[in-house]
Amino acid sequence: MLFNTLNFAIFLPIVFLLYWSVGEKNIRIQNIILIVASYFFYASWDLRFLSLLLFSTLLDFVLAIMIEKGSRPKLLLWISISINLGLLAVFKYFDFFSISASAFLASMGFHSDPIILNLVLPVGISFYTFHGLSYIIDVYKKRIHPERNFIDYSLFVCFFPLLVAGPIERATHLLPQLKGKRAFSYTIAVDGLRQILWGLFKKVVIADSCAVFANDIFNNSSQYFGATAMLGAFFFAFQIYGDFSGYSDIALGTAKLFNIRLLRNFSYPYFSRNIAEFWRRWHISLSSWFRDYVYIPLGGSKGSLKSNIRNIFIIFLLSGLWHGANWTFIIWGGLNALYFLPSFVLKSNRKYLSAPSRERRLPSFHDFTKMLFTFFLTVIAWVFFRSDSAQAAFRFLGSLFVHPGSYLLLSIYIKYSWLLILIALFVVVEWIGREKEYPLADLMPSLNPLFRRAVYFILIFSIFWYNGVQQQFIYFQF
Amino acid sequence: MGFNNNLFTFSSKMKFNFYKRVFFFLLQLFVAYIGLAWYVRVKTAHFDNDYLAGVNIKEKLLTQVSSHRLILVGGSNMAFGINSGELYQAFGRPTINLSIHAGLGLNYMLSQIESSLKEGDIIILSPEYFLGLDGDYRLMLETEKYFFNAKKYFDHSMLKMISAHLNETRDKLKNLIFDPKSHDVNYWFDVNEIYNRNSFNEYGDVVSHLGKRKPIITNEEGLLQYHKWEGIQRINLFYAKCMQKGCKAFFVFPCLPLSEYNLNRKAIRLYEKDIYTELKMPVLGTVNDFLFQDSLFYDSIYHLDSNGREQRTLRLVKLMQVGCNFN
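Below, the structure is given as structure tokens:
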């Protein structure tokens, strides 16, 4: 069930009421309620793969205990990694690698029919396998003791707000919360509702509105060029941001209703002043996962410049591949690696660690130009992310330069004026709230209650108004 | 770990306070919505028509003819775009045009005919591109108003009713604000002249638009988004039932203006490929066979005018003469 549907609007209050009705002392029962709800939530997507989720959970639970007790922890670790990544490889990447291998052999003069499995991708597999992997690696590295309570561990893997599209949680962060008492907090619950509202606004109003035009322009890219093509890429940039960060806000807000804190996944990435900062603000849980479990074990920033550059390319290419079985995602990852390298080599990748233009109403000219340039780079990279093939992406990029005079034509911008104004207002609100977890946090409690109520009504009305054409959450396909 | 301990509270009074505030907020929202819904329905009440009462006429046609029928099934692309009289003359079979509105969904269309299949029947199925299985719940409720037995063809649920109510309120509000013609009683008089229970001829074809002044062609569907169409599996199930009952069934692509095809070429080509590879029902013709000049359409991208209707019927007759074995 999608977060922006009536089904979820009925499901969530039922789970919430049941959860808090058992009282704060019954942690075990609270967790069981959440597990049942989570499995029900997953089954509503696809009943067939419930057993796969259960298998993945059981596997890492048992192996983690054996790693602590066993005499061959490294072997057990690699068994877990192989099986978890094997599941991903079979369901997500087999056909892609098979077709690519066949095409490569054909280019060398050897012809063979690729073996195609045509398997349906289980929802959320990229996320829950990474949950399991982070847990087993943390146990192996002795950062955490293995969980001996299967209920608590199951909930860590399958907690419904993060089950199908993250954030990718860490056992060190989430498990202690699941094991500890969770008392009802009025302030946190209201904050959670507020964050859900903001997430729905981003998804339904911003993302789905942008999707209509982005899909039109990308699906018919041979007919669009110049400014229109650029607007298509621009709209996609806001579609994917509104979609994914909106989902994350709904997930985090939902978790707060149960007094559980999830890892923040987005921190106003389009206000980044360089690509390094962008990757500290975009899909934070994934980039930090690759940093901690791939980059650092490979040597990280220690060692020669050559090995550092190699490591950077590895994580960005893997990050691209994680998103999908297509060369476009790999190219997108590689492009981001190229973007990242200059700041790494010049040692400015750790330069911008706080919010831009702190305690200023408007950005400085310096910050503004850097943000604009970084945003432009990400929009170009998103063209690969969105396109069906590398050829289509390059054709699209080529079309940006056709009819350069179109960039000065007012009529093109007027055609999309309502959406451009909406996006501008959205950016202003995000800018004002850039130092907070989400723009409405902290802002709302300080407002006059009547004004606050009016803001809620306006947001809810906007969601109602724009909820006509629903688009699938983009990250559900990963 | 993870949250501020200062916010930690064990008070059930806090929970009660929370529930109370949420309840009153939702109550205010509900009252505001009811007010809005009432307002838009009052303002747009005279725009409603009884076009869907046509299902009664079509159901009667099904019962009047006993067997060896030629039955046309689909959305309004078939209702507006076929001259069933010519099909009757070409093939000598009693012809029934069951098509009425794509918004009723593929499940309704197929469920309705499934229960009436008789040995020797020939079905020509032409659903609109990527037609949904379930259809618009508002239209289903309206259909049941005119044809009680339609209940058994629909899947009822409270959630669908609520969703339909919300969608209807939103769409009526948008029409009220953005469509100036919706305020023009004369415009709506013309539209109601086309869409009413008397729009149909003796075969069930819509004929009220023939020779009438054309409004601007609208596309309410927007651009087509390609996806694996779930309708293929549903049609395969239907085809299996046809085979069991000794009927023949054929799939035909819907009519479409060339301009719409150009905008949606990629999605349509992929759809066509899926139809040829996965549909068990034989397919008559191609997508291209049912593309027409924009000038041959009446008021929407699926509704042909009188000339377009004749051209399409002629093409269908030729395809049926080659593809269907009437012996």
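If you read the protein sequences in the order shown, they are chains A and B. Just so you know, the working numbering puts 510 at position 290 of the first sequence, and the rest follows in order with no gaps. Just so you know, the working numbering puts 145 at position 91 of the second sequence, and the rest follows in order with no gaps. Don't be surprised by glycine CBs; every beta carbon is placed ideally from N, CA and C.
Which residues, in chain order, does the stretch 195-216 of chain B contribute to contact with chain A at a C-beta distance below 8 Å? Flagged, chain order: L213 and I216.
On the DSSP letters alone, give me the boundaries of the beta strand (DSSP E) that B:V306 sits inside. Position 252 of the second sequence holds residue 306 of chain B. Start and end: K302 to V306.
Under the three-state reduction of DSSP, which class applies to B:I177: helix, strand or coil? Here residue 177 of chain B is taken as the residue at index 123 of the second sequence, counted from 1. It is a strand residue.
C-alpha distance - B:T117 paired with B:K205, whole-angstrom precision: For the purposes of this step, residue 117 of chain B is taken as the residue at position 63 of the second sequence. For the purposes of this step, residue 205 of chain B is taken as the residue at position 151 of the second sequence. In a straight line, the C-alpha of B:T117 is about 18 Å away from that of B:K205.
Between B:F72 and chain A, is any beta-carbon pair separated by less than 8 Å? Within the second sequence, the letter at position 18 stands for residue 72 of chain B. Yes, contact with chain A.
What number of angstroms, rounded off, separates the C-alpha of B:L171 from the C-alpha of A:E650? Here the question's residue 171 of chain B lines up with position 117 in the second sequence. Here the question's residue 650 of chain A lines up with position 430 in the first sequence. When the Cα atoms are used, B:L171 and A:E650 turn out to be separated by approximately 60 Å.
Beta-carbon neighbours of A:D436, restricted to chain B and to distances below 7 Å: Indexing the first sequence from 1 puts residue 436 of chain A at position 216. L277, listed in chain order.
List in chain order: all unbroken alpha helix (DSSP H) runs of 4+ residues lying wholly within the stretch 298-344 of chain A. Scanning the stretch 298-344 of chain A from its first residue to its last, the whole alpha helix (DSSP H) runs of 4-plus residues come out as 314-327.
In chain A, which residues lie less than 7 Å from B:A317 when you measure between Cβ atoms? On the second sequence, position 263 is the one that residue 317 of chain B refers to. This sequence places Leu at residue 317 of chain B; Ala is not what is there. Result: N440.
B:V127 - DSSP class collapsed to helix/strand/coil: Here residue 127 of chain B refers to the residue found at position 73 of the second sequence. Three-state result, B:V127: strand.
With contact counted as at least three CB pairs below 8 Å, one residue from each stretch, are the stretch 426-437 of chain A and the stretch 625-642 of chain A in contact? With the cut-off at 8 Å, the stretch 426-437 of chain A and the stretch 625-642 of chain A touch.
Roughly how many whole angstroms lie between the Cα atoms of A:S487 and A:R501? By one-based count along the first sequence, residue 487 of chain A stands at place 267. By one-based count along the first sequence, residue 501 of chain A stands at place 281. When rounded, the distance between both Cα atoms is 5 Å.
So does the stretch 332-345 of chain B actually touch the stretch 298-313 of chain B, counting three or more Cβ pairs closer than 8 Å? Segments in contact, yes.
Nearest-angstrom beta carbon gap, A:R581 and A:I480 [assumed within contact, 8 Å]: Along the first sequence, one-based indexing puts residue 480 of chain A at 260. Along the first sequence, one-based indexing puts residue 581 of chain A at 361. The pair is not a contact, with the Cβ atoms about 35 Å apart (cut-off 8 Å).
Determine contact between the stretch 587-603 of chain A and the stretch 451-467 of chain A, defined as no fewer than three beta-carbon pairs at a distance below 8 Å. Counting Cβ pairs under 8 Å, three or more are found: they touch.
Leaving out five residues before and five after A:S441 in sequence, what residues of the same chain have Cβ atoms less than 6 Å from its Cβ? Counting from 1 along the first sequence, the entry for residue 441 of chain A is found at position 221. F616, listed in sequence order.
Closest to A:L307 by C-alpha separation, out of A:F347, A:Y373 and A:I426, would be which residue? Walking along the first sequence from the start, residue 307 of chain A turns up at place 87. Cα-wise, what sits closest to A:L307 is A:F347.
Decide if B:Y330 is buried, meaning its Cβ has at least 16 other Cβ atoms within 10 Å, or exposed. For the purposes of this step, residue 330 of chain B is taken as the residue at position 276 of the second sequence. So B:Y330 ends up on the exposed side.
Using the beta-carbon count (16 or more within 10 Å), is B:S66 buried or exposed? Taking the first residue of the second sequence as position 1, residue 66 of chain B is located at position 12. B:S66 should be labelled exposed.
Use the C-beta contact count for B:W283: other C-beta atoms within 10 angstroms, 16 or more gives buried, fewer gives exposed. Residue mapping note: residue 283 of chain B aligns to position 229 of the second sequence, counting from 1. For B:W283, the number of other beta carbons within 10 angstroms of its own is at least 16, and it is reported as buried.
Give every residue of the same chain whose Cβ lies closer than 7 Å to the Cβ of A:L597, excluding the five residues on either side of it in the sequence, and list them in chain order. Here the question's residue 597 of chain A lines up with position 377 in the first sequence. Same-chain partners within the cutoff: I495 and Y559.
Can you tell me where the alpha helix (DSSP H) holding B:T197 begins and where it ends? Translated into the one-based positions of the second sequence, residue 197 of chain B becomes position 143. Annotation for B:T197: the continuous alpha helix (DSSP H) segment containing it runs Y191 to Y200.
Against A:N227, what residues of chain B qualify as contacts under a CB-to-CB distance less than 9 Å, listed in chain order? The residue given as residue 227 of chain A occupies position 7 in the first sequence. The contacting residues are L213.
Enumerated in chain order, which unbroken segments of the alpha helix (DSSP H) with a length of 4 residues or greater are wholly contained in the stretch 342-388 of chain A? For the stretch 342-388 of chain A, whole alpha helix (DSSP H) runs of length 4 or above, ordered along the chain, are 345-360, 370-378 and 380-383.
DSSP on A:V675, reduced to helix/strand/coil? Numbered from 1 along the first sequence, position 455 holds the residue referred to as residue 675 of chain A. It is helical.
Cβ of B:V376 less than 8 Å from any chain A Cβ? Here residue 376 of chain B refers to the residue found at position 322 when the second sequence is read from its first residue. Answer no: the Cβ-Cβ gap between B:V376 and chain A never drops below 8 Å.
On the CB-based measure, 16 or more other CB atoms within 10 Å of its CB, does B:V94 come out buried or exposed? As a position in the second sequence, residue 94 of chain B is number 40, starting the count at 1. With 16 or more other Cβ atoms inside 10 Å of its own Cβ, B:V94 counts as buried.
What are the boundary residues of the alpha helix (DSSP H) that B:N252 is part of? To locate residue 252 of chain B, count along the second sequence from 1; it is residue 198. No alpha helix (DSSP H) contains B:N252, which DSSP labels as neither H nor E.
Any Cβ of chain B within less than 8 Å of the Cβ of A:Y406? As a position in the first sequence, residue 406 of chain A is number 186, starting the count at 1. Nearest CB-CB separation between A:Y406 and chain B: below the 8 Å threshold.
From the beta carbon of A:F684, is the nearest beta carbon of chain B less than 8 Å away? Here residue 684 of chain A refers to the residue found at position 464 when the first sequence is read from its first residue. At least one chain B Cβ lies under 8 Å of A:F684.
Put B:S121 into one of helix, strand or coil per three-state DSSP. Taking the second sequence and counting its residues from 1, one reaches residue 121 of chain B at position 67. Residue state for B:S121 is assigned as coil, using DSSP reduced to three classes.
Determine contact between the stretch 545-564 of chain A and the stretch 311-320 of chain A, defined as no fewer than three beta-carbon pairs at a distance below 8 Å. Using a C-beta cut-off of 8 Å, the stretch 545-564 of chain A makes contact with the stretch 311-320 of chain A, since at least three inter-stretch Cβ pairs fall below that distance.
Candidates B:D328, B:Y105 and B:L81, of which the one nearest B:E198 by Cα: Taking the first residue of the second sequence as position 1, residue 198 of chain B is located at position 144. The shortest C-alpha separation from B:E198 is found at B:Y105.
According to DSSP, what are the bridge partners of A:K445? For the purposes of this step, residue 445 of chain A is identified with residue 225 of the first sequence, where counting begins at 1. Here the sequence assigns Phe to residue 445 of chain A, which means Lys is not the residue at that position. According to DSSP, A:F445 bridges with nothing at all.
One or two residues paired with A:F458 in a DSSP bridge: In the first sequence, residue 458 of chain A corresponds to position 238, counting from 1. For A:F458, no pairing in a beta bridge is given by DSSP.
Distance, Cα to Cα, A:S327 vs A:P334? Your numbering for residue 327 of chain A matches position 107 in the first sequence. Your numbering for residue 334 of chain A matches position 114 in the first sequence. Taking the straight line joining both Cα atoms gives about 14 Å.
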